[in-house]
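Reviewing the structure listed below.
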Amino acid sequence: MTGVPRLPTSLVAPTPGWTRSADVIVVGSGIAGLAVAMHARRAGLSVLVVTKSYVTAGSTAWAQGGIAAALADDDSPAAHRKDTLVAGAGLCDVAAVDVLVNDGPRAINDLLAWGTQFDRDSAGGLALTREGGHHRRRIAHAGGDATGAEIVRAMVAEVAENPGITVIEHALALDLLTDVRGNVQGLTLHVIGEGQQDGVGAVLAPAVVLATGGIGQVFSASTNPTVATGDGVALGLRGGAIAADMEFIQFHPTVLWLGGEAVGQQPLVSEAVRGEGAYLVDDDGVRFMLDEHPLAELAPRDVVAKAIMRRMRATGSEHVWLDGRHLSEDMWTHRFPTILASTRTHGIDPVTDLVPVGPAQHYTSGGLRTDTWGRTNVGGLFACGECSCTGVHGANRLASNSLLEGLVFADRIGQLLASGLPERAEPVEKPTAAGLTDPAARTELQRAMTDGVSVLRSEQSIGEAQRRLAALPQGDEPGTPAWETTNLLTVASTIATGAQLRCETRGSHWREDFHDRDDDHWRRRILTRLRPDGTLAVDYEPLATMAAEQGQVNV
Ligand code: SIN
């Protein structure tokens with residue numbers, strides 16, 4: 016494939032200086048990783064959780080809106096299923112969606128049992144809100160708009176009290192260790208620690224669960240925290256796992272606009288604010304979403320993001336405005352304390368001011384391809400949460416389905432592990448391919464992806480991004496900056512490859528040169544894997560079921 020850099024098939028790391036063993040290794044400490052740990056432990060297995068920063072540092076803690084499930088009396092898994100399929104724009108895996116919506120309410124009960132304090136209504140039931148694409152109030156939330164932080168608080172406390180779960184912080188996973196049959200037997204990692212477990216080590220287990228979250232740092236501006244460098248997807252690809260749907264990057268429509276040059280993690284203004292009645296206006300005060308979709312501001316996220324982009328182009332403005340001045344001050348204070356604090360920090364008071372907002376990278380609907388039990392194509396390797404592609408999101412994730420996906424599929428992985436661990440065997444040496452990316456190239460990598468593979472894409476813009484990626488300098492110095500930047504390049508190349516091949520507009524993939532959804536050719540997933548020579552191989556997965564109920568509208 017032209018314009019795509021050669022990618023390393025293993026990171027250049029020193030020989031492991033120490034070894035540890037467990038039944039299950041979980042990489043990542045967001046909702047998916049911690050839930051897998053809890054479920055595996057419930058099955059009596061010893062669990063090692065490795066996480067690259069502090070245990071609380073991942074994306075989950077930043078989730079504002081909440082977690083969706085059919086909990087209300089007027090709701091049902093069937094209604095949740097329908098909204099999920101419509102948002103997924105024809106590319107959902109229907110069997111996986113069925114698992115998600117049917118197991119959803121039970122998964123919320125797990126969170127309650129682990130001590131999560133959700134917000135309550137006046138009758139003492141769970142307070143439920145709406146977000147884009149949902150036809151019912153089905154989003155449970157906590158601390159107003161601090162749902163993720165409360166979930167992490169409760170789960171970290173549970174894990175800390177569980178002596179069968181060991182957590183190693185500041186541990187960057189490097190490469191999978193595999194046996195002669197190619198099955199996973201653990202991984203290498205680099206730990207910034209003290210004492211015996213410092214530097215590069217090996218952790219051994221016949222089951223490894225990747226739950227490393229998002230890839231936001233591939234782009235210049237994202238709602239994701241700085242740890243979101245796509246490590247799990249890159250590590251999985253190096254270990255022979257297949258990635259799918261990587262071109263479907265979701266851009267959240269309402270991220271606080273801090274100026275055209277703003278980079279790094281950007282403040283989110285939750286869809287729940289629109290769910291409670293705030294609306295979008297352009298520079299002339301026109302409420303443009305009314306003409307765009309029957310659900311107006313609560314249309315699926317890709318519809319709103321595209322409408323905002325079109326309006327910004329039409330008016331020549333760099334952002335639109337969110338108007339929540341008619342919500343009461345009490346609502347802002349108690350329902351959206353996090354957003355109120357963050358907007359006020361930037362000198363904007365949503366009680367009295369319009370809030371400037373625009374789209375920024377938020378979520379990756381694709382990831383390492385799994386079945387409905389979280390299994391990848393590599394024996395003993397599982398993926399869970401945002402770094403996985405179970406198929407529930409299709410071409411566009413329905414708001415607040417991601418925390419639920421992590422929970423539900425963590426439970427499934429736990430059930431499978433409880434029925435028996437894969438066989439243990441000795442790992443075998445693999446050749447070390449050189450080719451780390453120079454960490455100084457990180458900003459150029461992010462700019463290339465933001466310029467060429469962002470909300471709006473074309474053959475020309477993606478091709479230019481691919482050329483810029485291929486020209487990034489290599490660096491010889493192993494270490495966290497180079498390993499992370501190499502992971503970013505692997506993920507960026509995979510996204511660009513999918514985006515270039517998918518010659519249609521569908522869900523969160525918007526091609527300026529192919530305006531319509533093309534079900535004749537593109538009712539299939541793009542699968543990517545890394546060949547031993549460091550090039551990307553592409554294959555296609557036809558969808559087993561293309562239910563008529565999946566969204567049929569070109570937007
Ligand atoms: C939001 O609160 O708007 C984000 C929720 C999500 O991404 O699911």
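In our numbering, the protein residues as written are 16 to 570.
Beta carbons: idealized from backbone N, C-alpha and C, even for Gly.
Spatially closest choice to Ala425 from Val248, Gly43, Ser476, by CA coordinates | Position 410 of the sequence shown, counted from the first residue, corresponds to residue 425. The residue with the shortest Cα to Cα distance from Ala425 is Gly43.
Enumerated in chain order, which unbroken segments of the beta strand (DSSP E) with a length of 3 residues or greater are wholly contained in the segment 56 to 135?
-> List check, beta strand (DSSP E) in window: 62 to 65.
Please name the residue, chosen from Gly119, Ile154, Gly73, that lies closest to Asp134 on a Cα-to-Cα basis.
-> By one-based count along the sequence shown, residue 134 stands at place 119. The residue from Gly119, Ile154, Gly73 with its alpha-carbon nearest to that of Asp134 is Ile154.
Return the CA-CA distance between Gln281 and Leu60, expressed in angstroms with no decimal places.
-> In the sequence shown, residue 281 corresponds to position 266, counting from 1. In the sequence shown, residue 60 corresponds to position 45, counting from 1. Those two C-alpha atoms are separated by around 39 Å.
Use the C-beta contact count for Ser343: other C-beta atoms within 10 angstroms, 16 or more gives buried, fewer gives exposed.
-> In the sequence shown, residue 343 corresponds to position 328, counting from 1. With fewer than 16 other Cβ atoms from the protein chains shown falling within 10 Å of its own Cβ, Ser343 counts as exposed.
Under three-state DSSP, which class holds Asp338?
-> Counting from one through the sequence shown, the residue named residue 338 turns up at place 323. If DSSP states are grouped into helix, strand and coil, Asp338 belongs with the strands.
For the alpha helix (DSSP H) containing Ser357, list its first residue and its last residue.
-> The residue given as residue 357 occupies position 342 in the sequence shown. Annotation: the continuous alpha helix (DSSP H) that includes Ser357 extends over 352 to 360.
Taking Ala511 as the reference, which of Arg532, Arg538, Leu542, Glu499 has the closest Cα?
-> For the purposes of this step, residue 511 is identified with residue 496 of the sequence shown, where counting begins at 1. Of Arg532, Arg538, Leu542, Glu499, the residue nearest in Cα terms is Leu542.
Beta carbon of Leu22 nearer than 9 Å to that of Thr550 | Walking along the sequence shown from the start, residue 22 turns up at place 7. Walking along the sequence shown from the start, residue 550 turns up at place 535. Going by C-beta atoms, Leu22 is nearer than 9 Å to Thr550.
Mind the definition here: the segment 264 to 274 touches the segment 49 to 64 only if three or more C-beta pairs lie below 8 Å; say whether that holds.
-> Segments in contact, no.
Answer yes or no: the CB of Thr227 versus the heavy atoms of the ligand SIN, is any distance below 8 Å?
-> On the sequence shown, position 212 is the one that residue 227 refers to. Not so, every heavy atom of the ligand SIN lies at least 8 Å from the Cβ.
Where Gly32 falls, given that 16 or more other Cβ within 10 Å makes a residue buried = In the sequence shown, the residue the question calls residue 32 occupies position 17. By the Cβ neighbour-count rule, Gly32 is exposed, with fewer than 16 other Cβ atoms within 10 Å of its own.
6 Å CB neighbourhood of Arg35 in its chain, flanking five on each side removed = For the purposes of this step, residue 35 is taken as the residue at position 20 of the sequence shown. Counting only Cβ-Cβ distances below 6 Å, and skipping sequence neighbours, we find Val218.
Identify which residue in Gly429, Arg544, Gly450, Gly229 has its Cα closest to the Cα of Val223.
-> Taking the first residue of the sequence shown as 1, we reach residue 223 at position 208. For Val223, the closest of Gly429, Arg544, Gly450, Gly229 by C-alpha to C-alpha distance is Gly429.
Three or more beta-carbon pairs under 8 Å between the segment 286 to 301 and the segment 309 to 322, yes or no?
-> Because the criterion of three Cβ pairs below 8 Å is met, the segment 286 to 301 and the segment 309 to 322 touch.
Proximity below 9 Å, CB of Gly119 to CB of Ala87 = Position 104 of the sequence shown holds residue 119. Position 72 of the sequence shown holds residue 87. Taking 9 Å as the Cβ cut-off, Gly119 and Ala87 do not qualify as a contacting pair.
State buried or exposed for Thr360, treating a residue as buried only when at least 16 other CB atoms are found within 10 Å of its CB.
-> For the purposes of this step, residue 360 is identified with residue 345 of the sequence shown, where counting begins at 1. The residue is exposed, with fewer than 16 neighbouring Cβ atoms inside 10 Å.
Please list, following the chain, all residues that have a C-beta closer than 5 Å to any non-hydrogen atom of the ligand SIN.
-> Counting every residue whose Cβ lies closer than 5 Å to a heavy atom of the ligand SIN, we get Gln79, Gly80, Ser285, Glu286, Ala414, Ser415.
Exposed or buried, Asn124, counting other C-beta atoms within 10 Å across all chains shown (16 or more means buried)?
-> Taking the first residue of the sequence shown as position 1, residue 124 is located at position 109. Per the 10 Å Cβ criterion, exposed.
Given a cut-off of 9 Å, decide if Asp297 and Arg326 are closer than it, judged by their beta-carbon atoms.
-> Counting from 1 along the sequence shown, the entry for residue 326 is found at position 311. Counting from 1 along the sequence shown, the entry for residue 297 is found at position 282. Here Arg326 is near Asp297, since their CB atoms are less than 9 Å apart.
May I ask which residues mark the beginning and end of the beta strand (DSSP E) holding Gly214?
-> Position 199 of the sequence shown holds residue 214. Segment 214 to 219, the beta strand (DSSP E) holding Gly214.
Same chain only: Cβ atoms within 7 Å of Pro488, ignoring 5 sequence neighbours per side | Position 473 of the sequence shown, counting from 1, holds the residue named residue 488. Only Asp453, Ala456 meet the Cβ criterion.
Simplified DSSP assignment, three categories, for Glu319 = Here residue 319 is taken as the residue at index 304 of the sequence shown, counted from 1. Here residue 319 is Val; the residue named in the question, Glu, does not match the sequence. Looking at Val319 - three-state DSSP - the assignment turns out to be helix.
Cα-Cα, which of Val470, Asp38, Asp338, Leu252 is closest to His377?
-> Here residue 377 is taken as the residue at index 362 of the sequence shown, counted from 1. Answer by Cα proximity: Val470.
Can you tell me whether His536 is buried or exposed, with buried defined as 16 or more other CB within 10 angstroms of its CB?
-> If you number the sequence shown from 1, residue 536 lands on position 521. Under the 10 Å beta carbon count, His536 is surrounded by fewer than 16 other beta carbons and is classified as exposed.
Tell me which same chain residues have a C-beta within less than 6 Å of the C-beta of Pro29, skipping the five on either side of it?
-> Walking along the sequence shown from the start, residue 29 turns up at place 14. Closer than 6 Å at Cβ, skipping near neighbours: Val215.
Pull up the DSSP beta-bridge partners for His54, would you.
-> Working through the sequence shown from its first residue, we reach residue 54 at position 39. Answer by DSSP bridge pairing: none, since His54 is not bridged.
Tell me whether Gly140 is buried or exposed, calling it buried when 16 or more other Cβ atoms sit within 10 Å of its Cβ.
-> Counting from 1 along the sequence shown, the entry for residue 140 is found at position 125. In summary, Gly140 is exposed, with fewer than 16 beta-carbon neighbours lying within 10 Å of its beta-carbon over all protein chains present.
Touch test, the segment 524 to 540 against the segment 478 to 486, Cβ-Cβ under 8 Å, three pairs minimum = Of all C-beta pairs linking the segment 524 to 540 to the segment 478 to 486, fewer than three are shorter than 8 Å, placing the two stretches out of contact.
Can you tell me whether DSSP reads Gly279 as helix, strand or coil?
-> As a working mapping, residue 279 is identified with position 264 in the sequence shown. Three-state DSSP puts Gly279 in a strand.
On the premise that Ala259 lies in contact with Glu499, defined as a C-beta separation below 8 Å, what is that separation, rounded to the nearest angstrom?
-> Along the sequence shown, one-based indexing puts residue 499 at 484. Along the sequence shown, one-based indexing puts residue 259 at 244. About 23 Å; that fails the 8 Å criterion.
Three-state secondary structure assigned by DSSP to Ala259 | The residue you call residue 259 lines up with position 244 of the sequence shown. Shown here, Ala259 sits in a strand according to DSSP, grouped into three states.
Cβ of Ser74 within 9 Å of Cβ of Gly163?
-> Counted from its first residue, the sequence shown places residue 74 at position 59. Counted from its first residue, the sequence shown places residue 163 at position 148. The Cβ atoms of Ser74 and Gly163 sit closer than 9 Å to each other.
Where do the N-terminal and C-terminal ends of the alpha helix (DSSP H) with Thr501 fall, by residue?
-> On the sequence shown, residue 501 is found 486 positions in, with the first residue counted as 1. It spans 495 to 516 - the alpha helix (DSSP H) in which Thr501 sits, taken as one unbroken run.
Count the other CB atoms within 10 Å of the CB of Asp90; is the residue buried (16 or more) or exposed (fewer)?
-> Locating residue 90 in the sequence shown gives position 75, where the first residue counts as 1. It is buried - the Cβ of Asp90 has at least 16 other Cβ atoms within 10 Å.
Taking the alpha-carbon positions, what's the Val27 to Ala329 distance?
-> What you label residue 27 is simply residue 12 of the sequence shown in a count that begins at 1. What you label residue 329 is simply residue 314 of the sequence shown in a count that begins at 1. For Val27 and Ala329, the distance between alpha carbons rounds to 49 Å.
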